[in-house]
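Asker: Next up is a structure, given as structure tokens.
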Amino acid sequence: MAGDTAWSYAELDDAMRSWAAELRRRGVTRGDRVAALAPSSPQLIAAMLGAYAIGAIWVPINTRYRAAEVGHIVQDATPSLMLCDPSLRGALPEQTPAVRDLAAPEPGQVPVAALHDEVPAMLIYTSGTTGRSKGATLSYEAVVGGIEALTGLWGWSQADVLSLQLPLFHVHGLCIGVHGSLLAGMQMRVHARFDAGAVVRDVRDHGASVFMGVPTMYTRLLEHLEAQPDDGAVLARARLFTAGSAALPAADLETFERHTGHRILERYGMSETLITFSNPLAGERRPGSVGREVPGVRARVVDDVGAPIADGEVGELQVQTPAIMSGYWNDPTATEASFDGMWFRTGDVVVRDGDGYVRIVGRKSVDIIKSGGFKISAREIEEVLLMHPAVAEAAVVGLPDATWGERIEAAVCVREPVEPSVLVEHAASSLADYKKPRVVHIVDALPRNALGKLQKVALKKTLSGRSP
Ligand code: MLC
Ligand code: AMP
Numbered sequence: 002m003a004g005d006t007a008w009s010y011a012e013l014d015d016a017m018r019s020w021a022a023e024l025r026r027r028g029v030t031r032g033d034r035v036a037a038l039a040p041s042s043p044q045l046i047a048a049m050l051g052a053y054a055i056g057a058i059w060v061p062i063n064t065r066y067r068a069a070e071v072g073h074i075v076q077d078a079t080p081s082l083m084l085c086d087p088s089l090r091g092a093l094p095e096q097t098p099a100v101r102d103l104a105a106p107e108p109g110q111v112p113v114a115a116l117h118d119e120v121p122a123m124l125i126y127t128s129g130t131t132g133r134s135k136g137a138t139l140s141y142e143a144v145v146g147g148i149e150a151l152t153g154l155w156g157w158s159q160a161d162v163l164s165l166q167l168p169l170f171h172v173h174g175l176c177i178g179v180h181g182s183l184l185a186g187m188q189m190r191v192h193a194r195f196d197a198g199a200v201v202r203d204v205r206d207h208g209a210s211v212f213m214g215v216p217t218m219y220t221r222l223l224e225h226l227e228a229q230p231d232d233g234a235v236l237a238r239a240r241l242f243t244a245g246s247a248a249l250p251a252a253d254l255e256t257f258e259r260h261t262g263h264r265i266l267e268r269y270g271m272s273e274t275l276i277t278f279s280n281p282l283a284g285e286r287r288p289g290s291v292g293r294e295v296p297g298v299r300a301r302v303v304d305d306v307g308a309p310i311a312d313g314e315v316g317e318l319q320v321q322t323p324a325i326m327s328g329y330w331n332d333p334t335a336t337e338a339s340f341d342g343m344w345f346r347t348g349d350v351v352v353r354d355g356d357g358y359v360r361i362v363g364r365k366s367v368d369i370i371k372s373g374g375f376k377i378s379a380r381e382i383e384e385v386l387l388m389h390p391a392v393a394e395a396a397v398v399g400l401p402d403a404t405w406g407e408r409i410e411a412a413v414c415v416r417e418p419v420e421p422s423v424l425v426e427h428a429a430s431s432l433a434d435y436k437k438p439r440v441v442h443i444v445d446a447l448p449r450n451a452l453g454k455l456q457k458v459a460l461k462k463t464l465s466g467r468s469p
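The numbering of the sequence shown is the numbering used here, which starts it at 2 and goes up by one.
Here is the structure:
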């Protein structure tokens, strides 16, 4: 690992044991939740392993969250301890359990628990169609099985060095990145934030062979390569570039290949299922497609009534995978609604080509937005806008955006005159920065059908053709 410090696996093991002892001293026991609000670092990884070592459940929290969003997780997961970076203490809600800085603990030793599935490994909070995020509960079996199947497919080995610039509170950075590297026994260079120049430096100066990113990171890398075309030859020395968490524009794949000679390997997944589809390491990496099932995964495409449909037809993707979540924490109703028998309803709308390659073409719900790889609930933003006294009605949508994939815009009907910028600031004051509407349109009426139901697809169309 890297950053300001370089840790060997033996040092990581020592740090894990010290964290395990420290968590014990703080009264954390098997099955308790330990939440973490801290930027990516080796220390954060050691603390997570320490929690595993005593059978505690790891609950990583988005470092962009504000107090209300953190408060929801604290209420739902009821952690007995919160590990927090001092710089993020301002985001802690009033009702927070015991807090400890994420600073190195005293050396210590406790017996390391056998990891098995009586206790889950982690809760990954992810947005849904309702306003509140839900904790996808992942077992060790799910994480280890799902990630080994994937990294096996990608040929990860001890010889690889991962440039890890994704946050460690979502499955992309945490499960594939950290757990994938640990399981393969490889080196990871852990960065607190993404920086295109740092990807180049990791490859040039530190032998990084693998980079994984959300599509927005590739947009940024392409901007960097436009300005510094010689760096294309540096990136060419790496072995593998993968993308996921949102659709990678085919044009970006092609431009990146022109600069570096690398064809980005796109794959698809979810917090609830880990990675279920991937283009191959050897073989055709098809632009605009997420490839075929990862080994162990079964998939079908169904119509509106849940009946399987033929290749070439558009429908919802449903999957079965050994890496499936055990359920949403504390929410059996939502868990049940997310399954159709044994099949997990992804909510993603896809087409399967005759040769098994799948293309993601949309999403069943217009209330879910993906921006820069973060999943966002339109409802959550609408609820915040409606709390402003001038707002009578609010509708939030994601519009196509070259950098972010989707850009958040809102349309509101007002009771009294108000500047759109005031409403943007109102939303920004209680939501994570990336949930802030980039534009608020003040409209006379929202489009509704004869029954009064909001027509968001029509609204998206209208707003796409409109300037603020
Ligand atoms: C940052 N900003 C965003 C944003 N991230 N706006 C919209 N969407 C986002 N995702 C805005 C900030 O609000 C700020 O705006 C401005 O960008 C600069 O902020 P920053 O903090 O400097 O941004 P940066 O660090 O460059 O962040 C961009 C990013 C980040 C792409 C690195 O969004 C990111 O880490 N994304 C990864 C998300 C991820 O890991 N998803 C995996 C989910 S798992 P302003 O106006 O305030 O200046 C999953 C399953 C699977 O999906 O298959 O993998
Ligand atoms: P999350 O809940 O943050 O794990 O987000 C999962 C969602 O990200 C999926 O349901 C998809 O909508 C989206 N997603 C992940 N990978 C891809 C991809 N390669 N292409 C398009 N969408 C993707």
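All C-beta atoms, glycine included, are put in the ideal place defined by N, C-alpha and C.
Mind the definition here: the segment 109-117 touches the segment 89-99 only if three or more C-beta pairs lie below 8 Å; say whether that holds.
Answerer: Result no; under three Cβ-Cβ pairs closer than 8 Å.
Asker: Is any heavy atom of the ligand MLC found at a distance shorter than 7 Å from the C-beta of Tyr-10?
Answerer: If you number the sequence shown from 1, residue 10 lands on position 9. No, the Cβ of Tyr-10 stays beyond 7 Å of every heavy atom of the ligand MLC.
Asker: Spatial neighbours of Ala-143 within its chain, please: CB distance less than 6 Å, with the 5 preceding and 5 following residues excluded, ordered by chain position.
Answerer: Translated into positions along the sequence shown, residue 143 becomes position 142. Taken in chain order, the residues that qualify are Ala-324.
Asker: Would you mind working out which of Ser-41, Val-352, Ser-290, Ala-11 sits nearest Ala-311, comparing C-alpha positions?
Answerer: Position 310 of the sequence shown, counting from 1, holds the residue named residue 311. Ranking Ser-41, Val-352, Ser-290, Ala-11 by Cα distance to Ala-311 puts Val-352 first.
Asker: Does the beta carbon of Arg-194 fall short of 7 Å from some heavy atom of the ligand MLC?
Answerer: As a first step, residue 194 is located in the sequence shown; it is residue number 193 there, counting from the start. Result yes, Cβ under 7 Å from the ligand MLC.
Asker: Entirely within the segment 390-464 and at least 3 residues each: give me those beta strand (DSSP E) ranges in chain order.
Answerer: Counting only runs of 3 or more, we get 392-402, 406-415, 440-443.
Asker: Is the beta carbon of Ile-276 sitting closer than 8 Å to the one on Ala-244?
Answerer: Here residue 276 is taken as the residue at index 275 of the sequence shown, counted from 1. Here residue 244 is taken as the residue at index 243 of the sequence shown, counted from 1. Not closer than 8 Å, so no.
Asker: Please check the pair His-442 and Ala-393, which I expect to be a contact at CB under 8 Å, by giving their CB distance rounded to whole angstroms.
Answerer: Position 441 of the sequence shown, counted from the first residue, corresponds to residue 442. Position 392 of the sequence shown, counted from the first residue, corresponds to residue 393. The Cβ separation is near 14 Å, so there is no contact.
Asker: Run the CB neighbour count on Met-343, radius 10 Å, all protein chains shown included, and call it buried at 16 or more, exposed below.
Answerer: Start at 1 with the first residue of the sequence shown, and residue 343 comes out as number 342. Its Cβ having fewer than 16 others within 10 Å, Met-343 is exposed.
Asker: Please report the Cβ distance between Ala-48 and Ala-57, rounded to the nearest whole angstrom; I am assuming they are in contact, meaning their Cβ atoms lie under 8 Å.
Answerer: As a working note, residue 48 is residue 47 in the sequence shown. As a working note, residue 57 is residue 56 in the sequence shown. Not really, about 10 Å apart at Cβ, beyond 8 Å.
Asker: Under the DSSP definition of a beta bridge, which residues are partnered with Pro-483?
Answerer: Not covered by the structure: residue 483. The range shown for the chain is 2 to 469.
Asker: Here's the rule: buried if 16 or more other CB atoms are within 10 angstroms of the residue's CB, otherwise exposed. What is Gln-159?
Answerer: Taking the first residue of the sequence shown as 1, we reach residue 159 at position 158. Gln-159 should be labelled exposed.
Asker: What is the residue span of the alpha helix (DSSP H) that Phe-257 lies within?
Answerer: Here residue 257 corresponds to residue number 256 of the sequence shown, with the count starting at 1. Note, Phe-257: alpha helix (DSSP H), 251-261.
Asker: On a Cα-Cα basis, can you pick out the residue from Gln-456, Gly-132, Ala-185, Ala-338 that is closest to Gly-153?
Answerer: Translated into the one-based positions of the sequence shown, residue 153 becomes position 152. Comparing Cα positions, the closest option is Ala-185.
Asker: Find out if the Cβ-Cβ distance for the pair Glu-410, Val-398 is shorter than 8 Å.
Answerer: Within the sequence shown, residue 410 is the residue found at index 409, counting from 1. Within the sequence shown, residue 398 is the residue found at index 397, counting from 1. A contact, by the Cβ cut-off of 8 Å.
Asker: Quick check: the segment 163-175 against the segment 68-75, are at least 3 beta-carbon pairs closer than 8 Å?
Answerer: The segment 68-75 vs the segment 163-175: no contact.
Asker: Report the rounded CA-to-CA distance for Gly-146 versus Ser-272, giving the unit in angstroms.
Answerer: Counted from its first residue, the sequence shown places residue 146 at position 145. Counted from its first residue, the sequence shown places residue 272 at position 271. Those two C-alpha atoms are separated by around 15 Å.
Asker: Quick check: the Cα distance between Val-29 and Ser-81, rounded to an integer number of angstroms?
Answerer: As a position in the sequence shown, residue 29 is number 28, starting the count at 1. As a position in the sequence shown, residue 81 is number 80, starting the count at 1. Whole-angstrom Cα-Cα distance: 7 Å.
Asker: Which one of Ala-105, Gln-110, Pro-61 has the shortest CA to CA distance from Ala-122?
Answerer: As a working mapping, residue 122 is identified with position 121 in the sequence shown. Nearest C-alpha to Ala-122: Pro-61.
Asker: Could you check whether His-260 and Pro-230 sit closer than 8 Å to each other, using their CB atoms as the reference points?
Answerer: Sequence index remark: in the sequence shown, residue 230 carries index 229 (1-based). Sequence index remark: in the sequence shown, residue 260 carries index 259 (1-based). Closer than 8 Å, so yes.
Asker: Output needed for Pro-309: all residues of its chain with C-beta closer than 6 Å, excluding positions within five of it in sequence on either side, in chain order.
Answerer: The sequence position of residue 309 within the sequence shown is 308, counting from 1. Correct list, in chain order: Arg-301, Val-303.
Asker: Strictly by DSSP, which residues pair up with Asp-102?
Answerer: For the purposes of this step, residue 102 is taken as the residue at position 101 of the sequence shown. Note: Asp-102 sits in a beta bridge opposite Cys-85.
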